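J.: Chains as they are written, first to last, in my numbering: chain L, 1 to 338; chain H, 339 to 742. First the structure, which I've put down as C-alpha cells, then a few questions once you've had a look.
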Amino acid sequence: MSPRVRLVVAGILTLLLLGGASVYGITEIAAYRARLDAPSQMRTTNNTSDSTNAPRVVFRNTAVGAGYGLVARVPLDTPEGTRSVSTLSCDRVFETTSHTMCLRIDRGIVTTFSATLLDHAGNTLRTWGLPGIPSRTRISPDSRLVAFTAFVTGAAYATVGFSTATEITSVDGHDYGNLETFGLTVDGKPLTATDRNFWGVTFTQDDNVFYATAASGGNTWLVRGDLAARTLTAIRRTAECASVSPDGSRIAYKKNVSTTATAYWSIAVLDLRTGEESMLPEKHDVDDQVEWLDDSTILYGLPRIEQPGDSDVWSIASSGSGSPRLFIEHAWSPSVVR
Amino acid sequence: MRVSSVVITLGIVSMLTDISSESVAAILPLYVTSALGLSTIAYGFIDGLYQGVSAIVRIGGGWASDRADRPKWIAFTGYALSALAKMWLLLATGFAAIIAVITIDRLGKGIRTAPRDALITAESDPSTLGRSFGVHRMLDTIGAILGPLVAFLILWLIPTGYTVVFVVSLATAAVGVIILGLLVPDRRPRRERIVAGLARNPFRWASLTDRRLRRLMVVAALLGVLTIGDGFVYLSLQARTDFAALWFPLLYVGTNVAFFIFAVPLGRLADRVGRGRVFVGGHVALLLAYACTVVPFGGNATTIVCLLLLGAFYAATDGVLAALAGQFTPEGSTASGIATAQTVVALSRLFASTGFGVLWFGLGRGGAVLVVTAALVVAIVIAATLMRPLNRPIPTQEEARNSS
Numbered sequence: 001m002s003p004r005v006r007l008v009v010a011g012i013l014t015l016l017l018l019g020g021a022s023v024y025g026i027t028e029i030a031a032y033r034a035r036l037d038a039p040s041q042m043r044t045t046n047n048t049s050d051s052t053n054a055p056r057v058v059f060r061n062t063a064v065g066a067g068y069g070l071v072a073r074v075p076l077d078t079p080e081g082t083r084s085v086s087t088l089s090c091d092r093v094f095e096t097t098s099h100t101m102c103l104r105i106d107r108g109i110v111t112t113f114s115a116t117l118l119d120h121a122g123n124t125l126r127t128w129g130l131p132g133i134p135s136r137t138r139i140s141p142d143s144r145l146v147a148f149t150a151f152v153t154g155a156a157y158a159t160v161g162f163s164t165a166t167e168i169t170s171v172d173g174h175d176y177g178n179l180e181t182f183g184l185t186v187d188g189k190p191l192t193a194t195d196r197n198f199w200g201v202t203f204t205q206d207d208n209v210f211y212a213t214a215a216s217g218g219n220t221w222l223v224r225g226d227l228a229a230r231t232l233t234a235i236r237r238t239a240e241c242a243s244v245s246p247d248g249s250r251i252a253y254k255k256n257v258s259t260t261a262t263a264y265w266s267i268a269v270l271d272l273r274t275g276e277e278s279m280l281p282e283k284h285d286v287d288d289q290v291e292w293l294d295d296s297t298i299l300y301g302l303p304r305i306e307q308p309g310d311s312d313v314w315s316i317a318s319s320g321s322g323s324p325r326l327f328i329e330h331a332w333s334p335s336v337v338r
Numbered sequence: 339m340r341v342s343s344v345v346i347t348l349g350i351v352s353m354l355t356d357i358s359s360e361s362v363a364a365i366l367p368l369y370v371t372s373a374l375g376l377s378t379i380a381y382g383f384i385d386g387l388y389q390g391v392s393a394i395v396r397i398g399g400g401w402a403s404d405r406a407d408r409p410k411w412i413a414f415t416g417y418a419l420s421a422l423a424k425m426w427l428l429l430a431t432g433f434a435a436i437i438a439v440i441t442i443d444r445l446g447k448g449i450r451t452a453p454r455d456a457l458i459t460a461e462s463d464p465s466t467l468g469r470s471f472g473v474h475r476m477l478d479t480i481g482a483i484l485g486p487l488v489a490f491l492i493l494w495l496i497p498t499g500y501t502v503v504f505v506v507s508l509a510t511a512a513v514g515v516i517i518l519g520l521l522v523p524d525r526r527p528r529r530e531r532i533v534a535g536l537a538r539n540p541f542r543w544a545s546l547t548d549r550r551l552r553r554l555m556v557v558a559a560l561l562g563v564l565t566i567g568d569g570f571v572y573l574s575l576q577a578r579t580d581f582a583a584l585w586f587p588l589l590y591v592g593t594n595v596a597f598f599i600f601a602v603p604l605g606r607l608a609d610r611v612g613r614g615r616v617f618v619g620g621h622v623a624l625l626l627a628y629a630c631t632v633v634p635f636g637g638n639a640t641t642i643v644c645l646l647l648l649g650a651f652y653a654a655t656d657g658v659l660a661a662l663a664g665q666f667t668p669e670g671s672t673a674s675g676i677a678t679a680q681t682v683v684a685l686s687r688l689f690a691s692t693g694f695g696v697l698w699f700g701l702g703r704g705g706a707v708l709v710v711t712a713a714l715v716v717a718i719v720i721a722a723t724l725m726r727p728l729n730r731p732i733p734t735q736e737e738a739r740n741s742s
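See the structure below:
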C-alpha cells in the first residue's frame with residue numbers, strides 16, 4: 001500500500017468506528033429518554049403531602065420509568081401499595097421522623113459525590129462533599145447524630161487503593177470526624193496498621209454508643225464505639241455493616257462466608273446477651289446494610305442481575321425460621337420510619 | 339526544527355488509547371458498585387499486583403523490541419492487547435472477568451511503553467529529544483484528561499449507560515491500533531545503524547553498561563524511593579479543605595491539566611539546559627507539593643498550586659527520563675535501556691508508597707511528611723551532584739556528523 005492509500009484506509013476505518021460508536025450511543029440515549037418518559041412500571045403518585053407522619057418505609061425507587069432514582073415511600077402496613085414519589089434524588093437514603101440523609105452521585109461532565117442532611121420539610125440543612133461513591137448512611141434513633149460512609153475512589157487505576165471514609169457528625173453541627181482518628185482496640189491491643197478502614201455505622205438508643213465495621217489485613221471486625229472517649233473496640237471477627245435491632249438486644253450484619261478471594265456475604269444475627277450468632281437462610285449474596293422492620297424482621301436489598309441499576313427489597317425473619325419474602329419490588333436502601 | 343510527524347502520530351495513538359483506558363478506569367468503581375451491586379473491596383487488593391506485573395512485562399517488551407529490531411510491531415502488540423481487553427469488557431459480567439480485563443489492559447501498557455519510546459527516540463534529532471517526548475506526553479495527557487470527561491458525559495446522559503462507555507472505549511482503542519498499524523513506519527533502528535556503518539553489534543544486555551546510564555538509574559532509584567504518590571497528596575488536601583473534598587474525585591484531572599501545560603515547555607528547557615538538571619529539578623516541584631500539604635494556610639489557592647506542582651513534576655520527569663535513557667543507550671538497545679530506567683522508577687515508587695504507609699502510622703501524617711521531605715532535600719542535592727557530568731549539551735545530528 002502506498003502512503004496515500006494507507007492514509008485513506010485509516011481515515012475510512014476511523015470514521016466507521018467512531019461513527020458506529022456515536023450512532024450506538026445516540027440510539028441508547030434515545031431509548032433511555034423514552035424509558036424515562038414512560039409511566040413507571042409501579043403504581044406511583046406524586047402526592048407526598050398526605051399523612052406525612054404516618055408510619056412508612058422510605059426507599060430509593062428503582063422502578064423503570066418516571067420517578068427512577070427518586071426517594072419514595074409506602075405505608076408501613078401496605079408496602080406493596082401505591083408509592084408516593086418525591087422529587088429528591090438519592091443513591092442511598094435514610095430517614096427518621098424528623099430528618100433525611102441523602103447520599104448522591106452528582107452527575108455531570110465533572111461527576112462529584114455528596115451527602116445532604118434535610119429537615120422534615122425537605123429543606124437542606126447541610127451538605128458534605130464525599131471522596132467517592134456513596135456507600136452507607138444512618139441517623140440515630142433520636143435524630144441527633146448522623147453517619148455516612150463513602151468509598152475513596154477519586155484517582156485513576158492505582159493511585160489510591162481501596163479505602164473508605166466514614167464520618168460521624170451531630171445534626172446541630174458538631175463534627176466527630178473520620179473514624180480513622182478514633183483509637184481501635186482488637187483483642188485488647190491497640191491496632192494501628194496502615195490499612196485500617198471503617199464503614200457502616202449503626203446507632204443505638206444511647207447516643208454515646210454505636211457499632212461499625214473495622215477492617216485491616218483482610219480481616220473485618222464488628223466494633224463497639226464510644227463517641228465521648230473516641231474509641232472503637234472489636235467485639236466480633238468477620239462481621240460487616242451492622243444494624244442494631246429496635247429493642248437493642250441483637251445486631252444483624254453481613255458475614256463473609258466465601259472461601260475464595262471474592263467475598264460472598266450471608267446475613268447473620270448476633271444476640272448481644274448470649275453472644276450467640278445465627279445465620280439466616282438467605283442464599284443470595286447480600287451486600288447491604290440491613291434494616292430492621294421490627295424486632296423480629298430484617299429488610300435488605302438485592303440487585304437484579306438481569307437489569308443493572310434495579311433492585312428489590314426483601315424481608316426475612318430474624319429468628320432464622322421461614323424463607324425470604326419479596327417486600328418492596330424495584331426498591332433500594334429502605335428505612336423504616338414510625 | 340519541527341517535531342517529526344511520526345512522533346505526533348504516536349502521540350495521537352497514545353491519546354486515543356488513553357481516552358479508551360481512562361474512560362473505563364474512571365467509571366469502573368461506579369460500574370462495580372452501582373451496576374453489578376458488588377463491593378469494591380477486592381478491587382484495591384489487585385492494585386499492587388498489576389503494578390509489579392506491569393513492571394516486569396515492561397522489561398520484556400523492551401528486550402523483545404531490541405532483539406527483533408522491530409519496535410513498531412512490539413508496541414503494536416501491546417496496543418492491540420489493550421484493545422482486545424476492551425472487547426472482552428463488553429462480554430464480562432463477573433468480578434473475576436473484570437479483574438482479568440484490567441490486568442490484560444495493564445499488560446498491554448507494560449509491553450508497548452518502551453518500544454514506543456524507542457521509536458520516538460529513533461525518529462528524533464538527539465538534540466531535541468526532550469521536546470519530542472514533551473510533545474508526545476502532551477498528546478498522551480490530553481487523552482488522560484478527555485477519557486474521564488467523555489465517560490462521565492455519557493453517564494450523565496444515560497446514568498446506566500456503562501455499555502455505551504465500553505463501546506466508545508473499544509472504538510477509540512481500535513482507531514489507535516489502526517493508525518499505529520497503517521501510518522507509523524516500521525523502523526529498524528539497529529539495521530539502519532549497521533547499514534550506515536555506525537554499528538555492527540547485535541543486541542546485548544552489555545550495551546546497557548554505559549556508566550552514564552547506570553548513574554541515571556541510581557539517581558532515578560534514589561529519587562523514586564522518596565516519591566510517595568499523588569494519592570497521599572490528594573488525601574491530605576481533601577482532609578483540609580472543603581473545596582478539595584468536593585472535587586476530590588477530579589484532583590487527578592487537575593494534575594493532568596498541569597502536566598499537559600508544562601510537558602512541551604519543560605521538554606524544550608531540558609534540551610537547552612540539560613535533561614539531568616530538569617529531571618532533578620522536577621523533584622524540587624515534588625518537594626514543594628509535599629510542603630503544600632503541611633503548610634498552615636490551606637485554602638483553595640494552596641490546592642491549585644499543589645496540583646500545578648504535581649503536574650510540573652510529571653512534565654519534568656516522565657518524558658525527560660525516557661529522553662535521558664534513550665540518550666545513554668546505543669541505537670538498537672534503546673527500548674531495553676528505556677524499559678529498565680522506567681522499571682527502576684516504577685518499582686522504587688511502589689516501595690516508596692508502601693514504606694510511607696508504615697511511616698505514617700509510626701509518626702503521624704505531619705511527622706511522616708517531614709521525614710520524607712527532609713530526605714528528599716538531601717536526595718536532590720546528591721542527585722544534582724551525580725547528574726552534573728551528564729549535563730553536557732547534546733550535539734545535533736549535523737554537528738555529530740561533522741565531528742565524526
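Glycine residues also receive a C-beta, built at the ideal position from the N, C-alpha and C atoms. All values reported here derive from a predicted model rather than from experimental measurement.
Thinking C-alpha only, which one of Gly177/L, Leu76/L and Ala193/L is nearest Leu184/L?
T.: Along the first sequence, read from residue 1 onward, the residue named residue 184/L stands at position 184. Checking every option, the nearest Cα to that of Leu184/L belongs to Ala193/L.
J.: Listed from N- to C-terminal order along the chain, which residues in the stretch 121 to 135 of chain L have their beta-carbon within a distance smaller than 7 Å of any beta-carbon of chain H?
T.: Residues Gly129, Pro131, Gly132 and Ile133.
J.: Enumerated in chain order, which unbroken segments of the beta strand (DSSP E) with a length of 3 residues or greater are wholly contained in the stretch 209 to 275 of chain L?
T.: Fully contained in the stretch 209 to 275 of chain L are the following beta strand (DSSP E) runs of length 3 or more, in chain order: 209 to 216, 219 to 226, 231 to 237, 240 to 244, 250 to 256 and 265 to 271.
J.: What residue range is occupied by the uninterrupted alpha helix (DSSP H) comprising Pro334/L?
T.: In the first sequence, residue 334/L corresponds to position 334, counting from 1. Careful: Pro334/L lies outside any alpha helix (DSSP H), inside the beta strand (DSSP E) at Ala331 to Val337.
J.: Establish whether the CB of Ala114/L and some CB of chain H are separated by less than 9 Å.
T.: Numbered from 1 along the first sequence, position 114 holds the residue referred to as residue 114/L. Strictly speaking, residue 114/L in this sequence is Ser, with Ala absent from that position. For Ser114/L, the answer is yes, since a Cβ of chain H falls inside 9 Å of its Cβ.
J.: Determine the extent of the beta strand (DSSP E) in which Gly188/L is found, giving its start and end residues.
T.: Within the first sequence, numbered from 1, the residue matching residue 188/L stands at position 188. No beta strand (DSSP E) contains Gly188/L, which DSSP labels as neither H nor E.
J.: Quick one: measure Cβ to Cβ for Arg726/H and Gly605/H, integer angstroms, because I've assumed they're closer than 8 Å.
T.: On the second sequence, position 388 is the one that residue 726/H refers to. On the second sequence, position 267 is the one that residue 605/H refers to. That belief does not hold up - the Cβ atoms of Arg726/H and Gly605/H are roughly 21 Å apart, past 8 Å.
J.: What's the gap between the Cα of Met1/L and the Cα of Leu520/H?
T.: For this step, residue 1/L is matched to residue 1 along the first sequence. For this step, residue 520/H is matched to residue 182 along the second sequence. Pairing Met1/L with Leu520/H, the inter-Cα distance amounts to about 9 Å.
J.: Give me, in chain order, the residues of the same chain whose beta-carbon lies closer than 7 Å to that of Val244/L; leave out the 5 immediate sequence neighbours on both sides.
T.: Translated into positions along the first sequence, residue 244/L becomes position 244. Contacts found: Thr202, Thr204, Tyr211 and Ile251.
J.: Tell me the DSSP secondary structure of Val5/L in three-state form.
T.: Position 5 of the first sequence holds residue 5/L. If DSSP states are grouped into helix, strand and coil, Val5/L belongs with the helices.
J.: How would you call Asp478/H, buried or exposed, if buried means at least 16 neighbouring beta carbons within 10 angstroms?
T.: Against the second sequence, residue 478/H aligns to sequence position 140. Counting the other Cβ atoms within 10 Å of the Cβ of Asp478/H gives 16 or more, which makes it buried.
J.: Ala147/L and Ser135/L - do their beta-carbons sit closer together than 9 Å?
T.: Along the first sequence, one-based indexing puts residue 135/L at 135. Along the first sequence, one-based indexing puts residue 147/L at 147. No Cβ-Cβ contact shorter than 9 Å links Ser135/L with Ala147/L.
J.: Run down chain H in chain order and give the residues with a C-beta less than 9 Å from the C-beta of Leu145/L.
T.: Along the first sequence, read from residue 1 onward, the residue named residue 145/L stands at position 145. What Leu145/L touches in chain H: nothing, since even the nearest Cβ is about 20 Å away.
J.: Counting Cβ pairs, one atom from each stretch, are 3 or more of them under 8 Å apart for the stretch 485 to 499 of chain H and the stretch 675 to 686 of chain H?
T.: No, they do not touch.
J.: Is the number of C-beta pairs between the stretch 318 to 331 of chain L and the stretch 263 to 281 of chain L that are closer than 8 Å three or more?
T.: yes
J.: Chain L beta carbons: is any one of them nearer than 9 Å to that of Ile496/H?
T.: In the second sequence, the residue the question calls residue 496/H occupies position 158. True, the Cβ-Cβ gap to chain L drops below 9 Å.
J.: Taking 8 Å as the cut-off, is the CB of Ser372/H close to at least one heavy atom of the ligand ADP?
T.: Because no ligand of any kind appears in the structure shown, any question about the ligand ADP cannot be addressed here.
J.: Closest to Ala511/H by CA distance: which of Ile437/H, Ala706/H, Pro587/H and Ala418/H is it?
T.: Here residue 511/H refers to the residue found at position 173 when the second sequence is read from its first residue. Taking only the C-alpha atoms, the option nearest Ala511/H is Ala418/H.
J.: Going by beta carbon distance, what residues of the same chain come within less than 6 Å of Glu124/L, once the five residues before and after it are set aside?
T.: Sequence index remark: in the first sequence, residue 124/L carries index 124 (1-based). Before going on, a small fix: residue 124/L reads as Thr here, not Glu. Cβ within range, chain order: Thr116 and Leu118.
J.: Report the residue from Ala423/H, Phe433/H, Ser465/H and Ile458/H whose alpha carbon sits nearest the alpha carbon of Lys447/H.
T.: Walking along the second sequence from the start, residue 447/H turns up at place 109. Out of Ala423/H, Phe433/H, Ser465/H and Ile458/H, Ala423/H has the C-alpha closest to the C-alpha of Lys447/H.
J.: What span of residues does the beta strand (DSSP E) with Ala54/L cover, start to end?
T.: As a first step, residue 54/L must be located in the first sequence, where it is residue number 54. Counting along the chain, Ala54/L falls outside any beta strand (DSSP E), and DSSP gives it neither H nor E.
J.: Where does Val557/H land, buried or exposed, given buried means 16+ other C-beta within 10 angstroms?
T.: On the second sequence, residue 557/H is found 219 positions in, with the first residue counted as 1. Val557/H should be labelled buried.
J.: What does Thr711/H reach in chain L if we use C-beta pairs closer than 8 Å?
T.: For this step, residue 711/H is matched to residue 373 along the second sequence. The premise fails here: Thr711/H is roughly 19 Å from chain L at the closest Cβ pair, so nothing lies under 8 Å.
J.: Between which two residues does the beta strand (DSSP E) containing Asp106/L stretch?
T.: Numbered from its first residue, the first sequence carries residue 106/L at position 106. Looking at the DSSP string, the run of the beta strand (DSSP E) that includes Asp106/L is His99 to Asp106.
J.: Can you tell which of Leu232/L, Leu15/L and Asp106/L has the C-alpha that lies nearest to the C-alpha of Asp187/L?
T.: Residue numbering aside, residue 187/L sits at position 187 when the first sequence is read from its first letter. The candidate whose alpha carbon is nearest that of Asp187/L is Leu232/L.
J.: Since Thr116/L is in the beta strand (DSSP E), which residue starts that stretch and which ends it?
T.: Locating residue 116/L in the first sequence gives position 116, where the first residue counts as 1. Per DSSP, Thr116/L belongs to the beta strand (DSSP E) from Thr112 to Asp119.
J.: Taking Asp580/H as the query, report the chain L residues whose CB atoms sit under 9 Å from its CB, ordered along the chain.
T.: In the second sequence, the residue the question calls residue 580/H occupies position 242. Here the neighbours are Trp128 and Gly129.
J.: If contact means a Cβ-Cβ distance below 8 Å, which residues of the stretch 503 to 533 of chain H contact chain L?
T.: Val505, Val506, Leu508, Ala509, Thr510, Ala512, Val513, Ile516, Ile517, Leu520 and Leu521
J.: Buried or exposed: which applies to Leu334/L, given that a residue is buried once 16 or more other Cβ atoms fall within 10 Å of its Cβ?
T.: Mapped onto the first sequence, residue 334/L falls at position 334. What sits at residue 334/L in the sequence shown is Pro, not Leu. Classification of Pro334/L: buried, given that the 10 Å Cβ count is 16 or more.
J.: Consider the Cβ of Gln576/H: report whether some Cβ of chain L lies at a distance smaller than 9 Å.
T.: Counting from one through the second sequence, the residue named residue 576/H turns up at place 238. Closer than 9 Å: yes.
J.: Could you list which residues in chain C have their beta carbon closer than 9 Å to that of Leu561/H, in chain order?
T.: Although the question refers to chain C, the structure presented lacks it and instead comprises the protein chains L and H.
J.: In this structure, how does DSSP classify Phe694/H when only helix, strand and coil are distinguished?
T.: What you label residue 694/H is simply residue 356 of the second sequence in a count that begins at 1. DSSP places Phe694/H in helix when its eight states are reduced to three.
J.: Ordered along the chain, which non-local residues of its own chain (more than five positions away) have a Cβ less than 6 Å from that of Arg528/H?
T.: Numbered from 1 along the second sequence, position 190 holds the residue referred to as residue 528/H. Only Asp407 and Gly670 meet the Cβ criterion.
J.: Relative to the C-alpha of Thr672/H, which candidate in Ile458/H, Leu429/H and Gly416/H has its C-alpha closest?
T.: By one-based count along the second sequence, residue 672/H stands at place 334. Among Ile458/H, Leu429/H and Gly416/H, the Cα nearest to that of Thr672/H is on Ile458/H.
J.: Quick one: what's got a C-beta closer than 6 Å to Thr159/L's C-beta in the same chain, skipping five residues either side?
T.: Position 159 of the first sequence, counted from the start, is the residue given in the question as residue 159/L. Note that Thr159/L has pLDDT 36, beneath the 50 cutoff, so the model's placement of it is unreliable and no number is given.
J.: Among the residues of its own chain, which have a CB less than 6 Å from the CB of Ala653/H, if the five just before and after it don't count?
T.: Looking up residue 653/H in the second sequence gives position 315. Excluding sequence neighbours, Ala653/H sits near Phe597, Phe600, Ala601 and Leu604.
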